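Colleague:
Numbering (our numbering), first residue to last: 128 to 333.
Shown next as structure tokens:
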């Protein structure tokens, strides 16, 4: 049996709803008191077959989302969750672009090598693959919805119940900034991902 999170009291649903833009589709799970009308999870999600697919999305897939993917992969491995797959993509990514230097160094500071990362553009097929899509800003939600993949997407700050300052709770984009900004973004993502995985635990590791 893998490690488990401690069980904090669930955050009020009103917090999540207040932070989610109208285009944020309801995530098809029942946990932490969040009642969801969609039956897709029970009927077609890959978790029914022993797997769960999590996708992180930002703009270029060279900073925030690959850092989030790396953080989540490590956390899932430490938790011992089998069949839990993590990927990342960007709504405006150029396929094959390398990770930004700041993100590369931020990851290296935590013993993770992202030098082989190649950017991937978000497409409808990726949305179909994912059981849950966590995005970095409301603009990503809108773009994903335009591509027909928004039914399982949520703003990561809203999903984690963490709120956020400015731009409706977006995770700040460090692109073009000093390394310190990448480090701060990494730290913010660590907290958000821990909270997000804790909320998924009843689904993936009941």
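Glycine residues also receive a C-beta, built at the ideal position from the N, C-alpha and C atoms. Since we're looking at a predicted model, the values are computed, not measured.
Just tell me which of 196, 197, 187, 191 has its CA closest to the CA of residue 248.
Modeller: That would be 187, whose Cα lies nearest to the Cα of residue 248.
Colleague: Just to confirm, is the Cβ distance from residue 197 to residue 239 under 7 Å?
Modeller: yes
Colleague: What is the DSSP secondary structure of residue 81, counted as helix, strand or coil?
Modeller: Nothing can be reported for residue 81, as the shown portion of the chain is limited to 128 through 333.
Colleague: So residue 280 and residue 268 are in contact, right, with Cβ under 8 Å, and what is the actual spacing, rounded?
Modeller: Confirmed, Cβ separation roughly 6 Å.
Colleague: Since residue 179 contacts residue 192 with CB under 8 Å, what's their CB separation in whole angstroms?
Modeller: About 18 Å separates the two Cβ atoms, so there is no contact after all.
Colleague: To which residues does DSSP link residue 215 through a beta bridge?
Modeller: 183
Colleague: Give a yes or no on whether the C-beta atoms belonging to residue 329 and residue 312 are separated by under 7 Å.
Modeller: no
Colleague: From residue 223 to residue 206, what distance separates their C-alpha atoms?
Modeller: 30 Å
Colleague: Does the beta carbon of residue 180 fall short of 6 Å from some heavy atom of the ligand ADP?
Modeller: This structure lacks the ligand ADP; in fact it carries no ligand of any kind.
Colleague: Report the start-end ranges of each beta strand (DSSP E) in the segment 219–272 that is 3 residues or longer and not cut off at the edges.
Modeller: 259–262
Colleague: Pull up the distance between the alpha-carbon of residue 273 and that of residue 296, whole angstroms please.
Modeller: Using only the alpha carbons, I get a separation of about 21 Å.
Colleague: First and last residue of the alpha helix (DSSP H) that includes residue 316?
Modeller: 306–331
Colleague: Give the straight-line distance between the Cα atoms of residue 298 and residue 308, rounded to the nearest whole angstrom.
Modeller: 11 Å
Colleague: Does residue 104 come out as helix, strand or coil in the three-state DSSP assignment?
Modeller: Look at the range of the chain in this structure, 128 to 333, and you will see that residue 104 is not part of it.
Colleague: Return the chain-ordered list of same chain residues with a C-beta closer than 6 Å to the C-beta of residue 233, the five sequence neighbours on each side being excluded.
Modeller: 309, 310, 313
Colleague: Looking at C-alpha atoms only, which residue of 190, 264, 210, 214 is the closest neighbour of residue 199?
Modeller: 214
Colleague: Can you tell me which of 303, 331, 218, 322 puts its alpha carbon nearest to the alpha carbon of residue 266?
Modeller: That would be 218, whose Cα lies nearest to the Cα of residue 266.
Colleague: Select from 181, 210, 252, 284 the residue whose C-alpha is nearest the C-alpha of residue 264.
Modeller: 284
Colleague: Got a sec? Which residues, its chain only, sit under 8 Å from residue 202 by beta carbon, not counting five neighbours each side?
Modeller: A distance below 8 Å between beta-carbons, with the five flanking residues on each side excluded, links residue 202 to the following residues of its chain, in chain order: 320, 321, 324.
Colleague: With a CB to CB cut of under 8 Å and the five nearest residues on each side skipped, what residues in its chain are close to residue 275?
Modeller: 251, 254
Colleague: Distance check for residue 221 and residue 278, CA to CA, integer angstroms please.
Modeller: Roughly 24 Å separates the two Cα atoms.
Colleague: Out of 189, 332, 212, point me to the one whose CA is closest to residue 260's CA.
Modeller: 212
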